[in-house]
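Residue numbers 1 to 296, in the UniProt record's numbering, belong to the letters of the sequence shown in order. Notes follow the structure.
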Amino acid sequence: VQHIKRRDILLMRELGEGAFGKVFLAECYNLSPTKDKMLVAVKTLKDPTIAARKDFQREAELLTNLQHEHIVKFYGVCVDGDPLIMVFEYMKHGDLNKFLRAHGPDAMILVDGQPRQTKGDLGLSQMLHIATQIASGMMYLASQHFVHRDLATRNCLVGASLLVKIGDFGMSRDVYSTDYYRVGGHTMLPIRWMPPESIMYRKFTTESDVWSFGVILWEIFTYGKQPWFQLSNTEVIECITQGRVLERPRVCPKEVYDIMLGCWQREPQQRLNIKEIYKILHALGKASPIYLDILG
Ligand code: AMP
């Protein structure tokens with residue numbers, strides 16, 4: 001794990017808050033061999049308990065070993081003193097869920113203090129581009145035998161030119177607390193993204209990640225709606241374990257809904273694998289804009 005000196009990190013402003021601690025935009029010196037300073041996102045952990053310090057260390061080791069163009073880049077840690085800090089590349093458009101909502105039909109902006117409709121929602125080819133990149137990141141995770149357990153658009157980040165990366169590895173449970181369901185004492189589960197076997201037996205596998213990818217596709221094509229938003233947590237559990245699946249979003253072509261259904265096969269072995277999914281999405285994305293128009 002790379003160590004970064006505290007005096008090389010200059011906090012600029014808060015970006016968000018996770019269960020883990022606050023996230024800041026910062027300038028970091030002596031990180032890039034070509035630039036003397038660069039923008040980074042830093043995650044902080046204040047007053048860590050011994051257990052939290054251990055988790056932090058494990059997390060940092062794990063992140064150091066995951067490197068791919070669609071996984072957010074991890075630069076290192078700063079552990080001299082308090083708070084503990086993790087340094088990541090800065091993704092200027094923030095998390096994908098917020099981004100989808102901001103580029104959907106319900107998005108409004110303030111012009112001279114007056115609410116105005118934004119112009120232009122995301123189109124089909126942009127949605128496919130987003131989905132393909134997440135599938136690519138997941139293909140890498142699967143090749144590393146890494147099971148994520150919490151794939152959702154809130155855990156993906158958006159950079160310049162619609163670059164999307166998987167960006168969070170189990171530290172994002174606060175802002176989106178309604179997306180998680182508390183079971184027993186401390187365990188928070190993202191039930192709306194989980195297949196029956198994970199809900200019933202806490203079984204998490206590469207195949208359960210594929211189920212979650214199907215839900216990510218649904219989130220993309222609904223501009224960031226919460227899955228089963230009309231149901232309470234206990235109703236969601238009942239619904240998923242009984243075998244009901246999410247409906248086709250209004251703007252979603254049949255070809256894409258078929259991928260979702262392939263992710264939501266009850267039997268984990270029957271589900272599409274992430275490589276197949278990537279291939280289909282990639283091919284759809286390369287189809288001519290006219291064909292995409294017809295699909296949409
Ligand atoms: P997290 O604790 O990862 O859920 O982060 C909380 C919020 O901080 C996210 O929802 C993002 O809006 C923001 N954030 C986290 N990491 C980054 C990053 N690398 N670049 C830009 N914004 C980020």
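The beta carbon of each residue, even a glycine, is placed where N, CA and C say it ideally should be.
Rounded separation between LEU122 and HIS103 - CA only | C-alpha separation (whole angstroms): 6 Å.
*GLN114 versus VAL147 - alpha carbon distance*: Whole-angstrom Cα-Cα distance: 45 Å.
| task | Counting only the same chain and skipping the five closest in sequence on each side, list residues whose C-beta sits under 7 Å from that of LEU128. | result | Answer for LEU128: LEU281, LEU284, GLY285, listed in chain order.
Under 7 Å from any heavy atom of the ligand AMP, does the C-beta of LEU90 make it? Correcting the residue identity first, residue 90 is Tyr in this sequence and not Leu. Yes, the beta carbon of TYR90 sits closer than 7 Å to at least one heavy atom of the ligand AMP.
Check your understanding: How would you call ARG154, buried or exposed, if buried means at least 16 neighbouring beta carbons within 10 angstroms?
Key -> Classification of ARG154: buried, given that the 10 Å Cβ count is 16 or more.
Notebook entry, point to check: Grouping DSSP H, G and I as helix and E and B as strand, with all else coil, what is LYS254?
Noted result: In the displayed model, LYS254 falls within a helix according to three-state DSSP.
query: Three-state secondary structure (DSSP) at LYS279?
result: LYS279 falls in the helix class under three-state DSSP.
Does ILE237 pass the burial test, meaning 16 or more other C-beta atoms within 10 Å, or should it be called exposed?
Around the Cβ of ILE237, a 10 Å sphere holds 16 or more other Cβ atoms; the residue is buried.
* Pull up the CB-CB distance for TYR90 and VAL23, whole angstroms please, since I reckon it's below 8 Å. => Cβ atoms of TYR90 and VAL23 stay farther apart than 8 Å, at about 10 Å.
Q) Cα separation between ILE274 and MET138? A) Answer to the nearest angstrom: the Cα atoms are 7 Å apart.
### Message
DSSP three-state label for ALA26, please.
### Response
In the structure shown, ALA26 sits in a strand (DSSP, three-state: E or B).
Who does LEU45 pair with in a DSSP beta bridge?
Bridge pairing for LEU45: LEU84 [DSSP].
* Asked: Which value, in whole angstroms, describes the spacing of the CA atoms of LEU45 and LYS279?
  -> Looking at the backbone, the Cα of LEU45 and that of LYS279 are separated by about 39 Å.
Look up GLU59 in the DSSP assignment and say whether it is helix, strand or coil. In this structure, GLU59 counts as helix in the three-state DSSP scheme.
Next item on the list: Output yes or no for whether 8 Å exceeds the beta carbon distance between PHE169 and LEU62.
Entry: By the CB criterion at 8 Å, PHE169 and LEU62 fall inside the cutoff.
**Message:** At a threshold of 7 Å, does GLU17 count as lining the ligand AMP (C-beta to nearest heavy atom)?
**Reply:** Checking the 7 Å criterion, the Cβ of GLU17 is within range of a heavy atom belonging to the ligand AMP.
Q) Could you give the uninterrupted runs of the beta strand (DSSP E) lying entirely in the region 121-205, keeping only those of 3 residues or more? A) Complete beta strand (DSSP E) runs here, min 3: 156-158, 164-166, 181-183, 187-189.
- Is it true that the CB of GLY159 sits closer than 8 Å to the CB of HIS93? Yes, the pair counts as a contact, with Cβ atoms nearer than the cut-off.
| said: Can you give me the C-alpha to C-alpha distance between MET86 and HIS70, rounded to a whole angstrom? | reply: Between MET86 and HIS70, the alpha-carbon positions lie close to 19 Å from each other.
message = Please tell me whether residue 298 and ARG250 are closer than 8 Å, where the distance is taken between their beta carbons.
response = Residue coverage of the chain in this structure runs from 1 to 296, which leaves residue 298 outside it and unanswerable.
Inset, instruction - Tell me whether ASN65 is buried or exposed, calling it buried when 16 or more other Cβ atoms sit within 10 Å of its Cβ. - result: Exposed is the call here.
Can you give the Cα-Cα distance for ILE50 and TYR180, rounded to whole angstroms?
Rounded to whole angstroms, ILE50 and TYR180 show a C-alpha spacing of 25 Å.
Can you check whether the CB of GLY76 is closer than 8 Å to the CB of GLN144? The answer is no: Cβ separation not under 8 Å.
Collapsed DSSP secondary structure at GLU238 in the structure displayed: For GLU238, the three-state secondary structure derived from DSSP is helix.
So if DSSP puts ILE71 in a beta bridge, which residue, or which two residues, is it bridged to? Answer by DSSP bridge pairing, in chain order: ILE166.
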